[in-house]
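Enquirer:
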Amino acid sequence: MAKKFRALTLGEFVVAQQNAFPYATGDLTRLLNHIGIASKIVNREVNMAGLVDILGETGKENIQGEQVKKLDDYANEQFKLILGSSTEVCGLATEEEKESVSFESDLSREGKYIVCMDPLDGSSNIDVNVSIGTVFCIYRRISEVGTASEEKDFLQRGTEQVAAGYVLYGSSTMLVYTTGMGVTGFTLDPSIGEYFLSHRKINMPDLGTTYSINEGNYINFPAGVKQYIKYCQENDLSTHRPYTSRYIGSLVADFHRNMLKGGIYIYPQTKAHPEGKLRLTYECNPIAFLTEQSGGIATDGMGNRILEIPVTSIHQRVPFFAGSPEMVKLAEKYMKINS
Ligand code: AHM
Ligand code: MG
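Remember, the working numbering sits 98 above the position in the sequence shown when you count from 1.
1. Drop a sphere of 10 angstroms on the beta-carbon of ILE435, count the other beta-carbons inside from all chains shown, and report buried for 16 or more, exposed for fewer.
2. For MET425, which option in VAL416, GLY399 and THR257 has the closest C-alpha, if you only look at C-alpha atoms?
3. Just checking TYR309 against the ligand AHM - is the residue's beta carbon closer than 7 angstroms to any of the ligand's heavy atoms?
4. What is the DSSP secondary structure of VAL243, reduced to helix, strand or coil?
5. Can you tell me whether LYS178 is buried or exposed, with buried defined as 16 or more other CB within 10 angstroms of its CB?
6. Ordered along the chain, which non-local residues of its own chain (more than five positions away) have a Cβ less than 7 angstroms from that of ASN141?
7. If you draw a straight line from the C-alpha of GLU159 to the C-alpha of LYS168, how long is it?
8. Taking 8 angstroms as the cut-off, decide whether the C-beta atoms of ALA261 and THR277 are in contact.
9. Kindly indicate which three-state DSSP category LEU218 falls into: helix, strand or coil?
10. Distance, Cα to Cα, PRO320 vs SER183?
11. According to DSSP, simplified to helix, strand and coil, what is ARG104?
12. Quick check: is any heavy atom of the ligand AHM less than 7 angstroms from the C-beta of ASP171?
13. Taking 7 angstroms as the cut-off, does the CB of GLU194 come closer than this to any heavy atom belonging to the ligand AHM?
14. Would you mind giving the Cβ-Cβ distance between SER200 and GLY322, rounded to the nearest angstrom? I have them listed as a contact below 8 angstroms.
15. Measuring CB to CB, does MET215 end up less than 8 angstroms from VAL233?
16. Sort PRO423, GLN325 and GLU202 by Cα distance to PRO303 and report the nearest one.
17. Where does GLY268 sit, in a helix, a strand or coil, going by DSSP?
18. So GLY134 packs on LEU106, CB below 8 angstroms; how close in whole Å?
19. In this structure, does DSSP put GLU390 in helix, strand or coil?
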């Protein structure tokens, strides 16, 4: 006989969290649930993509003569559709949209939240069946409720985030989020299509033995980063070095591993990306919020806390150092010595 199983679902957990706040209206709870639903639809499509590739599907039409969806566009449209028809969100900024999107309906305009997201991050990994993710964060709007969302709603500092999280489409699919009360993780049971609580309170170790950086860019790294990498590679049994290098090329997946096991993720300024590659609003800020809520540190490598960096445009880039506090502090020290 199959083993009996009972764990809290994502829906049950967010409602229980909401009940801790007697004046909460339930909007944030509904919004998190809507993100969960959209992610399950994207997850289904992500799984299908591998199958389509295996069958050798090429070109732009599938067997029914329909357009083969590019998954990042598909994910973008799916999140837009679900959030746009919810009543909690008045606007959305994503990696795929040049400008922020203001939802038109009267009900949407009553929504008090805006969302910034990268619908499918690390999407170059799709074709080779490697982990990818969705990253999101939620802010309270600044513009007046009942009107269209405005650009200023999306240019708030990371410290103003109400919630942030990601979905990791990996060997299992996980939704991990924070509302500022620690980091909680849920794992999707694909057989019944439900996220179940699997990681009640995630604590990032103070020190890890993994560093994640695209070393192919080594020659173009700042001197401080080169020295920190050298430190990671040196032999010293007492500090468990050399460390292990692990780089998937999907921020969500690299961060997730480092958060659970301890480690550091670095995407510094390079020749190709003098301001860093990752985007502040929908990649770095949400991951920085999760980093801090799990006990880590996230900076630009120059002593500036990511969450406090002024946001001047939706697609602004920033160097990103995030992970176990002892590791980020040391990397920062090397950056400072060399600046
Ligand atoms: P994307 O938003 O275009 O997918 O780029 C973001 C991704 C991160 O997930 C990942 O950590 C990084 O870019 C990888 O970049 P690179 O291939 O330069 O190492
Ligand atoms: Mg991205």
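By construction, the Cβ of each residue, glycine as well, lies at the ideal position given by its N, Cα and C atoms.
Expert: Looking at the atomic coordinates:
1. exposed
2. Considering only alpha carbons, the answer is GLY399.
3. no
4. coil
5. Burial call: buried.
6. Taken in chain order, the residues that qualify are TYR267, THR271 and LEU286.
7. Model confidence at GLU159 stands at a pLDDT of 37, short of 50, so the residue's coordinates are unreliable and nothing is read from them.
8. Less than 8 angstroms separates the beta-carbon of ALA261 from that of THR277.
9. Strand, per DSSP.
10. 45 angstroms
11. coil
12. no
13. no
14. Not really, about 41 angstroms apart at Cβ, beyond 8 angstroms.
15. yes
16. Out of PRO423, GLN325 and GLU202, PRO423 has the C-alpha closest to the C-alpha of PRO303.
17. coil
18. With a Cβ gap of about 13 angstroms, GLY134 and LEU106 do not count as contacting.
19. helix
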